[in-house]
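Numbering (the working numbering), first residue to last: 363 to 505.
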């Protein structure tokens, strides 16, 4: 089966949102104090429900954010404090949730794919409204 790990607001997407609800996907509010408990609970349910070597896909996109100059400067400040590389076109990823997830299901994970999606500068703010208005959005995907 396929599941997602995503923002709670995704449940309101027409058709897809309900599909994800019915597949027992994990939804987070992006507030670590509550999300940590949700993750721990739902990860344990995944581990208990699926036998070892049972194949399932868990798509995670919780760390995504919109890139702004303000966020980049904050990221560079944190990078300097932690002696990490200062990224020019990216912000430092937040890894608490992914680390907790992988620790919880490490015996069942056979692989992790990192997929980054970036939009070209043709439309600086692509989104659902762009699609509704028939605007063209070009995305590049790196795996």
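Each residue gets a CB set at the ideal place from its N, CA and C atoms; glycine is no exception. Small disclaimer: the values here were computed from a predicted structure and weren't measured.
- When C-alpha distances from residue 364 are compared across 428, 452, 449, 412, the shortest belongs to 412.
- By the Cβ test, the region 398–410 is in contact with the region 457–466, since at least three Cβ pairs between them sit closer than 8 Å.
- DSSP places residue 419 within a strand segment (E or B) once states are collapsed to three.
- In its own chain, leaving out the 5 sequence neighbours on each side, no residue places its CB closer than 7 Å to the CB of residue 495.
- Per DSSP, residue 471 is not a residue of any alpha helix (DSSP H), being assigned neither H nor E.
- Residue 387 counts as buried, since no fewer than 16 other beta carbons sit within 10 angstroms of its beta carbon.
- In this structure, the alpha-carbon of residue 391 lies about 26 Å from that of residue 441.
- Residue 471 and residue 504 have their C-alpha atoms roughly 21 Å apart.
- Counting along the chain, residue 364 sits inside the beta strand (DSSP E) bounded by residues 364–369.
- Collapsing the DSSP output to three states places residue 402 in a helix.
- Residue pairing by DSSP places residue 432 opposite no residue, since no beta bridge is assigned to it.
- Taken in chain order, the complete alpha helix (DSSP H) segments of 4 or more residues contained in the region 430–465 are 431–443.
- In this structure residue 473 does not touch residue 501 by the C-beta definition: roughly 23 Å separates them, more than the 8 Å allowed.
- Judged by DSSP in its simplified three-state form, residue 396 adopts helix.
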